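Enquirer: Chains as they are written, first to last, in the numbering used here: chain A, 994 to 1328; chain B, 994 to 1328; chain C, 994 to 1328. By construction, the Cβ of each residue, glycine as well, lies at the ideal position given by its N, Cα and C atoms. Just so you know, these numbers come straight off a predicted model, no measurement behind them. Before I ask anything, let me first share the structure, which is written out below as structure tokens.
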Amino acid sequence: MDLLANFASSFLSQLQSPTLAFLIGGMVIAASGSKLAIPDAVYRFIIFVLLMSIGLHGGMEIREADFAALALPALFAALIGVMIVLLGVVTLGKLPGVKRDDAYATAGLFGAVSASTLAAAMVALDERQIPFEAWAPALYPFMDIPALILAIVLASLAKARQSGEKAAKVGVWSIIKESLQGSALSALLLGLAIGLLANPGPVYEGFYDLLFRGFLSVLMLVMGMEAWARLTELRKVAHWYAAYAFAAPIAHGLIGFALGYVAHVTVGFSPGGVIILAVIAASNSDISGPPTLRAGIPGANPSAFIGASTSVGTPVAIAICVPLFVALAEIVFGL
Amino acid sequence: MDLLANFASSFLSQLQSPTLAFLIGGMVIAASGSKLAIPDAVYRFIIFVLLMSIGLHGGMEIREADFAALALPALFAALIGVMIVLLGVVTLGKLPGVKRDDAYATAGLFGAVSASTLAAAMVALDERQIPFEAWAPALYPFMDIPALILAIVLASLAKARQSGEKAAKVGVWSIIKESLQGSALSALLLGLAIGLLANPGPVYEGFYDLLFRGFLSVLMLVMGMEAWARLTELRKVAHWYAAYAFAAPIAHGLIGFALGYVAHVTVGFSPGGVIILAVIAASNSDISGPPTLRAGIPGANPSAFIGASTSVGTPVAIAICVPLFVALAEIVFGL
Amino acid sequence: MDLLANFASSFLSQLQSPTLAFLIGGMVIAASGSKLAIPDAVYRFIIFVLLMSIGLHGGMEIREADFAALALPALFAALIGVMIVLLGVVTLGKLPGVKRDDAYATAGLFGAVSASTLAAAMVALDERQIPFEAWAPALYPFMDIPALILAIVLASLAKARQSGEKAAKVGVWSIIKESLQGSALSALLLGLAIGLLANPGPVYEGFYDLLFRGFLSVLMLVMGMEAWARLTELRKVAHWYAAYAFAAPIAHGLIGFALGYVAHVTVGFSPGGVIILAVIAASNSDISGPPTLRAGIPGANPSAFIGASTSVGTPVAIAICVPLFVALAEIVFGL
């Protein structure tokens, strides 16, 4: 009952938070047929600033971080990415009306990570004044890349098996390279490198961090509009996607929370860090994942996997999972 | 004489203010054939941020506002919008060389409201430290929508009357819907809703309000360039438009000031609020109005109504009406 | 030896500075084939904000500046622009495999000034807390315009001489006009005018100056990407361009430093101002110069002159010349 009460309080405060208000506002705007739109050039610059900001801060903190403390959460992040994909393939394979390629692509997208959900969680922790290791958001690629690779490799193997051929050689390295070359991960890694090697404190505080919340509010608006627009596409494909997309973020987040708890006990990973790990597990890729999977699993239907992720998965991750794991942490760690 | 002295002082300080300097700068830039241009994507984002900012602040303040205090100014705003259109139709109808449809469209545009002029007035009041109800800028749609609707309805009725048919059914509701769906009003209303229902204080102060003046300076530059570019178009049509466009903002502002004064005496509307009401009455729509009127009165010549508004009306409203009504308020209310 | 030690320390601190880190980061990003890109609309807005910021600050300071103190550095700036072009034409003319038109265009580009290098120098001086006259960056056009004009006039004269005709009348005034109409110089001059005539203090500090460092970091990233992309183009043309592009900024900077020193002794030009003059002499135009020269010397090969400037000249000016002239000033002026 404590969890429910805590969740309710956390959920209400999250509802009051501008992050969620802008997400819902975006849906309302799109539903009302408004002509309001955030220009694509501005949208792409906002993504750049958010991920550069996360990277810079992470890089500056990793410099002072204890490498031992960092290794286990990073390993767990990769493990979670792999588990989510395997779990997704099995689950979606059992649902009626779900095509094989679509199942792989959807599982890959839910294993990958969302920069917008991550940013929303960081703001929620800030507002509740729950501290976390500044390198925790840098766990992002450790989960993101294995999930995308595994999904694409499994889809290629399945295709080869079906056509009776010997398993076609899947270019794992080329998938890794493509992931790292994506604009979101590039910005994050560049930020990490500059944070680690240069001295970007003043420009981080005076610009990237300064614009973080405002740009996030604009991004949330775009996410909300996108979610509404994709809903129509989702309706055209099997309804089981919606069910999966609703339940999966919560299940994945619980896996993340459990492994985060293990890291808390063994290497002292902070409660805030556990929430971050749970939220990136709960999140599903909305910016960098779709193009990679589109290229890697060409047989999959974008309406199915992008629709499920953008129109159900992301709103659930932001609106339900963020307050849920904050509430859970408050009980488990007695915050 | 006091008014003249006050206006001169207020006008000079307005000239020194960056708002007007950027407006004039934009004209000079355009006149000199410079290749300097603000990219359209940035321009549209700036409009979004300005109107979201006005909306968020208004929403947060309406929460604590006395509804009774708000009702009368809102009613007056709608009344002013209607009066300006009727006055415009009569006046323009009497001028030689003005076509009927152009008269309706021009009257509608001068009844509608300009976000840039409103923002310039808010900054001028801030600089002079004249307080106003934060919900006063939210009077915008109460004047904007009735004016646009009335102009389009009158144009349709006139057309039907001329062609001997029964008045075609004009979709009033569809005009309201289209106005609300415009990107400017959508952003304003979304901001109002988030300000009312969520808790956007930090993101408002740390981002939207922070960027307000800077983005306004860039918008003024664009307005100045547009004004110069439209001047050529305006020259092609009847010169009476220019005369109307010069005199109308001052006359409309006086109507706004008079009704604002009534609200001051009856429900305690602040002097700053009276100035805001006078300035939005003086202003003419430059962003949201033109597309609505273009669709609603297809027979009207855009060079005429948009040219008159953008190249004469808006500069007069910003450069003359803002200092004029500040000076008038200083005398009337003894500020 | 002092210089070497000073340069090493200044170079290392410059390497640590985010300015250079973003430049190198941009090269790495481009070399790795990343899809990260700064949208063109944002890039153009960033240039506008940086040059407007330099202009506004310069304008506000010129108001209080002693005109006598300003005149000599301005004259020297023009002289340096002329000297660089003459020197470049002679030097490049002696190198094997360099076409005549390419030599004129390259010399013109290295005589013209780079806003990004200038901004990087301003931030470096700020970080080292070396004061400079705020009007010093406004020396920009005094060097930029004569260099561009001289290069185009010389190229036209050479072409006329070759074809045996009487020297075609070269429109000097039209080159000046075109330079001033370029988006970069327009923004700078508009900023200067507004800074001189209006009162833009609050909007300068609250917006333009606030965003300066962050926008510069983004611009550096773009410069780095551009430098890498142009390197391939440069490889196609004579390798002597690369040698010139490497050595010229240092040589030009020394000329600038020497004349700056004369101004220091005669009219008390500050050490920081001397560094600024040396750095704008070392810099080569990357934004405003290329289009002017492309139009003015149509026979020149853009791969040669833009490639040499963007991919070698600009990185050398930012990464080597800025710390070099800071170190030199520390020794010469005992900072």
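Say whether chain F places a C-beta atom closer than 8 Å to the C-beta of C:L1204.
Expert: Absent here is chain F; the protein component of the structure consists of chains A, B and C.
Enquirer: Spatial neighbours of A:R1121 within its chain, please: C-beta separation below 7 Å, excluding the five flanking residues on both sides.
Expert: For the purposes of this step, residue 1121 of chain A is taken as residue 128 along the first sequence, with counting starting at 1. Cβ within range, chain order: V1319.
Enquirer: Does the beta-carbon distance from A:L1227 to A:G1300 come in below 8 Å?
Expert: Position 234 of the first sequence, counted from the first residue, corresponds to residue 1227 of chain A. Position 307 of the first sequence, counted from the first residue, corresponds to residue 1300 of chain A. In contact: A:L1227 and A:G1300 (Cβ atoms closer than 8 Å).
Enquirer: Straight-line CA distance for B:F1069 to C:M1136?
Expert: Within the second sequence, numbered from 1, the residue matching residue 1069 of chain B stands at position 76. Within the third sequence, numbered from 1, the residue matching residue 1136 of chain C stands at position 143. Rounded to whole angstroms, B:F1069 to C:M1136 spans 58 Å at the Cα level.
Enquirer: Listed from N- to C-terminal order along the chain, which residues in the segment 1017-1045 of chain A have their beta-carbon within a distance smaller than 8 Å of any beta-carbon of chain B?
Expert: Hits within the stretch, in order: G1018, V1021, I1022, S1025, G1026, S1027, K1028, L1029, A1030, I1031, P1032, D1033, A1034, V1035.
Enquirer: Mapping DSSP to helix, strand and coil, what is C:Q1122?
Expert: Position 129 of the third sequence, counting from 1, holds the residue named residue 1122 of chain C. Three-state result, C:Q1122: coil.
Enquirer: Give me the chain A residues within the contact set of B:A1186, using Cβ-Cβ distance strictly less than 9 Å, ordered along the chain.
Expert: Locating residue 1186 of chain B in the second sequence gives position 193, where the first residue counts as 1. Neighbours of B:A1186 on chain A, chain order: A1014, G1018, V1021.
Enquirer: C:L1029 and A:S1107: beta carbons closer than 8 Å?
Expert: Here residue 1029 of chain C refers to the residue found at position 36 when the third sequence is read from its first residue. Here residue 1107 of chain A refers to the residue found at position 114 when the first sequence is read from its first residue. The answer is no: Cβ separation not under 8 Å.
Enquirer: Closer than 8 Å by C-beta to C:L1235: which residues in its own chain qualify, once you throw out the five before and the five after it? Chain order, please.
Expert: Translated into the one-based positions of the third sequence, residue 1235 of chain C becomes position 242. For the record, residue 1235 of chain C in the displayed sequence is Ala; it is not Leu. Correct list, in chain order: L1227, A1301, V1305.
Enquirer: With three or more C-beta pairs closer than 8 Å as the rule, is the segment 1235-1248 of chain A touching the segment 1266-1275 of chain A?
Expert: The segment 1266-1275 of chain A, when compared against the segment 1235-1248 of chain A, does touch it at the 8 Å Cβ threshold.
Enquirer: Got a sec: which bits of the segment 1161-1182 of chain B sit with their beta carbon under 7 Å from any beta carbon on chain A, in order along the chain?
Expert: Cβ contacts with chain A come from Q1174, G1175, S1176, S1179, A1180.
Enquirer: Could you tell me whether the Cβ of C:G1282 comes closer than 8 Å to any Cβ of chain B?
Expert: As a working note, residue 1282 of chain C is residue 289 in the third sequence. No, no contact with chain B.
Enquirer: Please report whether the beta-carbon of C:S1276 lies at a distance below 8 Å from any beta-carbon of chain A.
Expert: Along the third sequence, read from residue 1 onward, the residue named residue 1276 of chain C stands at position 283. No, C:S1276 does not count as interfacial toward chain A.
Enquirer: Following the continuous alpha helix (DSSP H) through A:K1152, name the residue where it begins and the one where it ends.
Expert: Counted from its first residue, the first sequence places residue 1152 of chain A at position 159. Start and end: 1133-1155.
Enquirer: The alpha helix (DSSP H) that contains A:L1088, what's its start and end?
Expert: Within the first sequence, numbered from 1, the residue matching residue 1088 of chain A stands at position 95. No alpha helix (DSSP H) contains A:L1088, which DSSP labels as neither H nor E.
Enquirer: What do you reckon, are the CB atoms on B:V1146 and B:Y1254 nearer than 8 Å?
Expert: Position 153 of the second sequence holds residue 1146 of chain B. Position 261 of the second sequence holds residue 1254 of chain B. Taking 8 Å as the Cβ cut-off, B:V1146 and B:Y1254 do not qualify as a contacting pair.
Enquirer: How long is the line joining the alpha carbons of A:R1206 and B:Q1155, rounded to whole angstroms?
Expert: Along the first sequence, read from residue 1 onward, the residue named residue 1206 of chain A stands at position 213. Along the second sequence, read from residue 1 onward, the residue named residue 1155 of chain B stands at position 162. Rounded to whole angstroms, A:R1206 to B:Q1155 spans 56 Å at the Cα level.
Enquirer: Going along the chain, which residues of its own chain have a beta-carbon closer than 7 Å to the beta-carbon of C:I1017, five neighbours each way excluded?
Expert: Taking the first residue of the third sequence as 1, we reach residue 1017 of chain C at position 24. Cβ neighbours of C:I1017 beyond the five flanking positions: G1217.
Enquirer: Tell me which residues share the same chain as A:A1312 and place their Cβ nearer than 6 Å to its Cβ, disregarding the 5 neighbours each side in the sequence.
Expert: Counted from its first residue, the first sequence places residue 1312 of chain A at position 319. Here the set comprises L1013.
Enquirer: DSSP three-state call for B:N999: helix, strand or coil?
Expert: Here residue 999 of chain B refers to the residue found at position 6 when the second sequence is read from its first residue. Helix, per DSSP.
Enquirer: Along chain A, which residues have their Cβ under 7 Å away from the Cβ of B:V1196?
Expert: Translated into the one-based positions of the second sequence, residue 1196 of chain B becomes position 203. Under the 7 Å cutoff, chain A gives P1011, R1206, G1207, S1210.
Enquirer: B:G1048 versus chain A: which residues are under 7 Å apart at the beta carbon?
Expert: Your numbering for residue 1048 of chain B matches position 55 in the second sequence. Here the premise fails: no neighbours, minimum Cβ distance about 11 Å.
Enquirer: Where A:V1091 and A:T1099 are concerned, what is the direct C-alpha to C-alpha distance, given to the nearest angstrom?
Expert: Taking the first residue of the first sequence as 1, we reach residue 1091 of chain A at position 98. Taking the first residue of the first sequence as 1, we reach residue 1099 of chain A at position 106. When rounded, the distance between both Cα atoms is 10 Å.
Enquirer: Would you mind reading off the limits of the alpha helix (DSSP H) that contains B:Y1254?
Expert: The count along the second sequence starts at 1 and reaches residue 1254 of chain B at position 261. Counting along the chain, the alpha helix (DSSP H) containing B:Y1254 begins and ends at 1233-1260.
Enquirer: Just mark B:G1086 as buried or exposed, buried being the case when its beta carbon has 16 or more other beta carbons within 10 Å.
Expert: Within the second sequence, residue 1086 of chain B is the residue found at index 93, counting from 1. Exposed, because fewer than 16 other Cβ atoms sit within 10 Å of the Cβ of B:G1086.
Enquirer: Let me make sure I understand the geometry here. Which of A:A1096, A:F1125, A:T1110 has the alpha-carbon closest to that of A:A1231?
Expert: As a working mapping, residue 1231 of chain A is identified with position 238 in the first sequence. For A:A1231, the nearest C-alpha among the options comes from A:A1096.
Enquirer: Would you call the CB atoms of B:I1187 and B:P1193 closer than 8 Å?
Expert: Counted from its first residue, the second sequence places residue 1187 of chain B at position 194. Counted from its first residue, the second sequence places residue 1193 of chain B at position 200. Yes, they are a contact pair.
Enquirer: Suppose contacts are defined by Cβ-Cβ distances below 8 Å. Is A:I1031 in contact with B:F1041 by that definition?
Expert: Along the first sequence, read from residue 1 onward, the residue named residue 1031 of chain A stands at position 38. Along the second sequence, read from residue 1 onward, the residue named residue 1041 of chain B stands at position 48. For A:I1031 and B:F1041, yes; Cβs fall inside 8 Å.
Enquirer: Spatial neighbours of B:F1298 within its chain, please: CB distance less than 7 Å, with the 5 preceding and 5 following residues excluded, ordered by chain position.
Expert: Counting from one through the second sequence, the residue named residue 1298 of chain B turns up at place 305. Around B:F1298: D1095, A1098, T1099, L1102, L1286.
Enquirer: Alpha carbon to alpha carbon, how far is B:A1113 from C:V1082? Give it in angstroms, no decimals.
Expert: Taking the third sequence and counting its residues from 1, the one referred to as residue 1082 of chain C is at position 89. Taking the second sequence and counting its residues from 1, the one referred to as residue 1113 of chain B is at position 120. Spanning the two alpha carbons is a distance of roughly 52 Å.
Enquirer: What does C:A1108 reach in chain B if we use C-beta pairs closer than 9 Å?
Expert: For this step, residue 1108 of chain C is matched to residue 115 along the third sequence. In chain order: nothing, as chain B lies at least about 13 Å away.
Enquirer: Going by DSSP in three states, C:I1017 sits in which element: helix, strand or coil?
Expert: The residue labelled residue 1017 of chain C in the question sits at position 24 within the third sequence. Reduced to three states, the DSSP call for C:I1017 is helix.
Enquirer: Within 10 angstroms of the Cβ of B:F1060, are there 16 or more other Cβ atoms? Answer buried if so, exposed if not.
Expert: To locate residue 1060 of chain B, count along the second sequence from 1; it is residue 67. Per the 10 Å Cβ criterion, exposed.
Enquirer: CA-CA distance, A:S1210 and C:P1308?
Expert: Here residue 1210 of chain A refers to the residue found at position 217 of the first sequence. Here residue 1308 of chain C refers to the residue found at position 315 of the third sequence. Cα to Cα, A:S1210 sits roughly 36 Å from C:P1308.
Enquirer: Using a beta-carbon distance below 8 Å, is A:A1131 in contact with chain C?
Expert: As a first step, residue 1131 of chain A is located in the first sequence; it is residue number 138 there, counting from the start. No, its Cβ sits nowhere closer than 8 Å to a Cβ of chain C.
Enquirer: To the nearest angstrom, how far is the alpha carbon of A:A1034 from that of B:R1037?
Expert: The sequence position of residue 1034 of chain A within the first sequence is 41, counting from 1. The sequence position of residue 1037 of chain B within the second sequence is 44, counting from 1. Their Cα atoms are separated by approximately 11 Å.
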